[in-house]
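Colleague: In order, the protein sequence lines correspond to chains A and B. Quick note: to get the numbering used here, add 505 to the position in the first sequence (first position is 1). Quick note: to get the numbering used here, add 125 to the position in the second sequence (first position is 1). Even glycine gets a Cβ: it sits at the ideal position worked out from N, Cα and C. I have a structure here, written as structure tokens, and I will follow up with some questions on it.
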Amino acid sequence: MIEDRVTQPTRELTRSEKRFVGIHVIFAVAALSIGIQYGPMQALEHAGLDLYPKMSFLASSYYQGLTLHGVLNALIWTTFFITGFLTLVVIKGLERPLRYPWLNRIGFWMMVVGLFTAAIPILGNQATVLYTFYPPMEASALFYIGLVLVVVGSWIEGYGMYFTFYAWRKENPGTRSPFVALAAVITMVMWQIATIGIASEILAIILPSVFGWTSGTDPQLSRTLFWFTGHPLVYFWVLPAYLSWYAMLPKQVGGKMFSDSLARLVFWLFLILSTPLGFHHQFADPGVPAGWKFIHALLTLGVSFPSLLTLFTVVASLEYGGRKRGGKGLFGWIRALPWSNPSVVWQLLAGLLFVFGGIGGIINASYNVNLALHNTSWVPGHFHLTVASAATMSFVGISFWLVPYLTGKPLWRPKLAAAAAWIYFGGMVIFSNAMHVIGLLGAPRRTPLGTAPYVPGEWAGHLWRIGFGGTIMWIGLMIFIVVVAVTALQRKRLPEDQLVEVPIAESIRDPQMTPEWLDRWRPWLIAAVVLILLSYGPQLYEQITQIQLTSPGFTP
Amino acid sequence: MSDAPEQNIHIDPYERTWIRISIGFLIFFIIMIVVAGLALGIQVPTDEGRVNPNTLDAELPWSEPGLREIVPGEEYEVYIVASRFSFNPREITVPKGAKVTFWATSSDVQHGFALEGTNVNMMVIPGQVSKLSATFDEPGEYNYICHEYCGLGHAAMFGTVTVES
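Now the structure itself:
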């Protein structure tokens, strides 16, 4: 074991690079700060307190509020934060500037234009179709055009990262690529492959129908294309959190990365396994043969393997750090972790909640078991443990070093920021547990249960817990928004010798000892494409050749 | 001569154990799914053919939705058309012990069909035919609920199976 390697002199981001990353974060946090306002309104509606009529300036209906909540939180907050964060990771990880900074700028501003284009119809109640926008329910064309611009903009930002990675490779032959940069670029490549589904759904099926060029849509094929993207979307949210847990959190707790090789292996496995499993969202669909659903169920259980590896490696890295800090005994190292550090505590609790998100995910993926929960409120209960916990809580934690790093200003009220993690965590435990429970009792998702006529009196306690937990969660995230806003806007600056660093952990072993096949793109890219062709090819061929555009659009 | 470090993937012994446990769990889960599917007969919907959502009124069996008795007291079929914001038929009555096969399609947007207390849970998609069965061993009322957002009246969309003793 090589304990202390000579570290390279580090190159910090330039002012303009910091500004570029920072503007991503501003848009992300702004979207979140609007999106979460609808959370307690939905949760309280379940509990019997319908605020929508009283607050009609926020949304004209429960469903318009739900559309805003889903699009702003799950699509905009995540995509803007992730592209900004990964841009920083690529620059900092490779210790070099972007190869073509203008390319990344084009991508970013295309995302901004897309955001506003989609926002106009959503705010005008012309796109109350929720963030899955299943045809033949139809929104204003601007909604779809806006979404396409956001997705294509994120592709272009990805291209900027690929070129930068390639340039680094040319400059550093024979050297293992830094894990963080490799992980960032793998995430963007996975996203590029996966979003081909949603792009073709919108461009080839939905928009021609909205414009009246075709007689309608084929709803089943649209669903198949949507879920080609829909599940990998979850990995696009979660992989940046994994990146932080693998390679940044260990540094923040005073430790090292447990295994460079396995971390790389996990990201490569996500590249090849994230996409060929979308039918597990369609177990209840009529137009997909059961045999193909079963194959996708097996592949979904396969993709839980890299997550199980992550659980071990991340906990092992944390234990290494905890013991270095003087933690003793079987569990003493847990207490020794820096729980008072807001960035750390948000991410530790994110990981803890994700254990339950992962278990729920395996249940969802289990073919016939899925019938017990498909489209019930179990499902939003589950994805609040993934996108709203694993991803969002990690991004909040990352922001607590990122904003001081970008601005050179000290974090405002770190104790409050750390306490907010426990508030949000507590709210999430109450909320998501109640959502899972009434889901199993048969409560449908995406439904204002406070007014639904079939809701039995026995659910009242659970519905009340949903309202209570949802409101607590809102308080936790509002504290986050206030803390980062005051941090960025205050006049106070950090003295030169106390500037915040980007936490990048060394691995325990020299990365040069990692085998070369874990640092090569070609075999993994080929495997990814082959696996998609095998798992999706026959069904896509059949559904496309038998396309029936028999469903004209309906406004909600 | 070369001082290049030895390259290998290096897996910690504890991690090796964890990997074995993980793979063991996943294999166990797969076996349980297969057992539930084959031995308990819990099946997911599959491809049942297609239909034109614009001409349901003119096409049997969809032009006459409702209950069909196949074997009196034992076996029934029901054809259900989902439209915004109701199921047709809204109410079905069957005797205790009946095995009922639910066939469903949509005349407009996507809907859902989940029958309380059973494994009947399927999407109802325009252009597609959905089918699942349930056997009712207990008398009582079972709601079938639309679980896909279909428009402003979605929350009111449900029907009831009454099982008589």
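Which residues in the same chain as Trp660/A place their Cβ atom closer than 6 angstroms to its Cβ, once the five residues preceding and following it in sequence are excluded?
Modeller: The residues are Gln697.
Colleague: Answer yes or no: do Tyr274/B and Leu635/A have a C-beta to C-beta separation smaller than 7 angstroms?
Modeller: Result yes, Cβ atoms of Tyr274/B and Leu635/A sit closer than 7 angstroms.
Colleague: Between Asp509/A and chain B, is any beta-carbon pair separated by less than 7 angstroms?
Modeller: In this prediction, Asp509/A scores a pLDDT of 49, lower than 50, which makes its location untrustworthy; the coordinate-derived value is nonetheless stated afterwards. No, because no Cβ of chain B sits closer than 7 angstroms to the Cβ of Asp509/A.
Colleague: Excluding five sequence neighbours on each side, which residues of the same chain lie with their C-beta closer than 6 angstroms to the C-beta of Ile531/A?
Modeller: So the list is empty, once near-sequence residues are dropped.
Colleague: If you run the structure through DSSP and keep just helix, strand and coil, what is Pro791/A?
Modeller: Correct three-state label for Pro791/A: coil.
Colleague: Grab me the residues of Trp582/A's own chain with a C-beta within less than 7 angstroms of its C-beta, minus the 5 sequence neighbours each way, in chain order.
Modeller: Same-chain partners within the cutoff: Ala533, Ala536, Leu537, Gly540.
Colleague: Any residues in the segment 241-263 of chain B with a beta carbon nearer than 7 angstroms to a beta carbon of chain A? Which ones, in chain order?
Modeller: If the cut-off is 7 angstroms between Cβ atoms, the segment 241-263 of chain B has Glu241, Asn244, Asn246, Met247, Met248, Ile250, Pro251, Gly252, Gln253, Val254, Ser255 near chain A.
Colleague: For a quick check, are the C-beta atoms of Gly252/B and Pro186/B less than 7 angstroms apart?
Modeller: Cβ atoms of Gly252/B and Pro186/B: not closer than 7 angstroms.
Colleague: Please specify which runs of the beta strand (DSSP E), each continuous and at least 3 residues long, are wholly inside the segment 144-207 of chain B, giving them in chain order.
Modeller: The segment 144-207 of chain B contains these whole beta strand (DSSP E) runs: 191-196.
Colleague: Looking at the structure shown, is Val225/B part of a helix, part of a strand, or coil, going by DSSP?
Modeller: Three-state DSSP puts Val225/B in a strand.
Colleague: Decide if Gln1003/A is buried, meaning its Cβ has at least 16 other Cβ atoms within 10 Å, or exposed.
Modeller: By the neighbour-count rule (16 or more Cβ atoms within 10 Å), Gln1003/A is not buried but exposed.
Colleague: Can you find a C-beta in chain A that's less than 7 angstroms from the C-beta of Met126/B?
Modeller: With a pLDDT of only 40 at Met126/B, under 50, the local geometry of the prediction cannot be trusted, and the value read off the model is given with reservation. It does not; no Cβ of chain A falls within 7 angstroms.
Colleague: Since Phe936/A and Ile984/A are thought to touch, with beta carbons under 8 angstroms apart, how far apart are those beta carbons, to the nearest angstrom?
Modeller: Contact doesn't hold; Cβ gap of about 17 angstroms is too wide.
Colleague: Quick check: Gly237/B and Cys271/B, are their CB atoms within less than 7 angstroms of each other?
Modeller: Their beta carbons are under 7 angstroms apart, which means Gly237/B touches Cys271/B by this criterion.
Colleague: Along chain A, which residues have their Cβ under 7 angstroms away from the Cβ of Phe154/B?
Modeller: Chain A residues near Phe154/B: Leu806, Ile867, Ser871.
Colleague: Please check the pair Arg681/A and Gln1017/A, which I expect to be a contact at CB under 8 angstroms, by giving their CB distance rounded to whole angstroms.
Modeller: Rounded, the Cβ-Cβ distance is 6 angstroms, consistent with contact.
Colleague: Alpha carbon to alpha carbon, how far is Ser882/A from Pro138/B? Give it in angstroms, no decimals.
Modeller: So the two alpha carbons sit approximately 41 angstroms from each other.
Colleague: Could you confirm whether any beta carbon from chain B is found closer than 7 angstroms to the beta carbon of Met506/A?
Modeller: Interpretation of Met506/A is limited by its pLDDT of 41, a score under 50 that renders its predicted location unreliable; the figure taken from the coordinates is listed afterwards. Output row for Met506/A: interface = no.
Colleague: From Pro602/A, Ile627/A, Tyr568/A, Ala548/A, pick the residue whose C-alpha is nearest to that of Lys523/A; which is it?
Modeller: Considering only alpha carbons, the answer is Pro602/A.
Colleague: Tell me Glu266/B's beta-bridge partners as DSSP assigns them.
Modeller: Paired residue(s): Thr287/B.
Colleague: Do you know offhand how far Val160/B's Cα is from Gly807/A's?
Modeller: Their backbone Cα atoms lie some 19 angstroms apart in a straight line.
Colleague: Hey, how far is the Cα of Ile507/A from the Cα of Val989/A?
Modeller: Residue confidence for Ile507/A is low, a pLDDT of 43 falling below 50, so the modelled location carries little weight and cannot support an answer.
Colleague: Using Cβ-Cβ distances below 8 angstroms, what residues of the segment 266-284 of chain B are close to chain A?
Modeller: Residues passing the 8 angstroms Cβ filter: Asn268, Ile270, Cys271, His272, Glu273, Tyr274, Cys275, Gly276, Leu277, His279, Ala280, Ala281, Phe283.
Colleague: Counting Cβ pairs closer than 8 angstroms, one from the segment 943-953 of chain A and one from the segment 877-897 of chain A, do we hit at least three?
Modeller: Contact holds: three or more Cβ-Cβ distances are below 8 angstroms.
Colleague: Are there three or more Cβ pairs, one per stretch, closer than 8 angstroms when the segment 908-922 of chain A is compared with the segment 966-982 of chain A?
Modeller: Taking 8 angstroms as the limit for Cβ pairs, the verdict is that the segment 966-982 of chain A does not touch the segment 908-922 of chain A.
Colleague: Which residues, in order along the segment 945-960 of chain A, keep a beta-carbon less than 7 angstroms from a beta-carbon of chain B?
Modeller: Residues Gly947, Pro949, Arg950, Arg951, Thr952, Pro953, Thr956, Ala957, Pro958, Tyr959.
Colleague: Leaving aside the five residues before and after Ala699/A along the sequence, list all residues of the same chain whose C-beta is less than 6 angstroms from its C-beta, in chain order.
Modeller: Excluding sequence neighbours, Ala699/A sits near Thr734, Pro737, Thr780.
Colleague: In whole angstroms, give me the CA-to-CA distance for Thr584/A and His574/A.
Modeller: Using only the alpha carbons, I get a separation of about 15 angstroms.
Colleague: Since Glu131/B meets chain A, which of its residues come closer than 9 angstroms, beta carbon to beta carbon?
Modeller: Those are Met1018, listed as they occur along chain A.
Colleague: Going by beta-carbon coordinates alone, are Gly284/B and Arg215/B separated by less than 7 angstroms?
Modeller: The answer is yes: Cβ separation under 7 angstroms.
Colleague: His879/A versus chain B: which residues are under 7 angstroms apart at the beta carbon?
Modeller: Those are Asn246, listed as they occur along chain B.
Colleague: What three-state label does DSSP hand His236/B in the structure shown?
Modeller: Strand, per DSSP.
Colleague: What is the rounded straight-line gap between the Cα of Phe648/A and the Cα of Ile711/A?
Modeller: About 11 angstroms.
Colleague: Answer with yes or no whether the minimum CB distance from Gly149/B to chain A is below 7 angstroms.
Modeller: No, its Cβ sits nowhere closer than 7 angstroms to a Cβ of chain A.
Colleague: Taking the continuous alpha helix (DSSP H) assigned at Leu968/A, which residues delimit it?
Modeller: 965-994 is the span of the alpha helix (DSSP H), which, as asked, contains Leu968/A.
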